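Quick note on the working numbering: the sequence shown kicks off at 772 and runs consecutively.
In what follows, a single structure is set out as structure tokens and then discussed.
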Amino acid sequence: MKVRKVPMRRCVGCMESKPKKELVRIVYDPLGNLVLDPTGKANGRGVYLCPNSECIEKAKKKRTINRGLKRDIDQQQLEKVFEELSAYERKDS
């Protein structure tokens, strides 16, 4: 029986490679909206982030989401996504 390859992605907060299923994707969609993508399948450029408060704070401080998405993101949009991500973290716990 073949061993299945597990897709790995790098968190933009802690910069650790983890299995894709453990991370949450944040997407800048073609319409210009920044959205949380729990399925990992939405269209648009995306970055991955661990769903914990330490990684969220590191990503805010280092502005790695802007760098990963290759565009300057409005602070209001970022805060909205961070609030959704915090709610997602509480739901998973």
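Heads up, the beta-carbon is just placed ideally off N, CA and C, and yes, glycines get one too.
Everything numeric in this text was worked out from a predicted model, so none of it was measured.
- Looking only at Gly817, Leu820, Arg796, the smallest Cα-Cα distance to Pro809 is reached by Arg796.
- Ile797 is bridged by DSSP to Leu807, Val818.
- Cys785 sits in coil when the DSSP states are folded into three classes, being neither helix nor strand.
- DSSP places Lys776 in no alpha helix (DSSP H); its state is neither H nor E.
- Of the residues Lys773, Met779, Glu850, the one whose Cα lies closest to the Cα of Leu794 is Met779.
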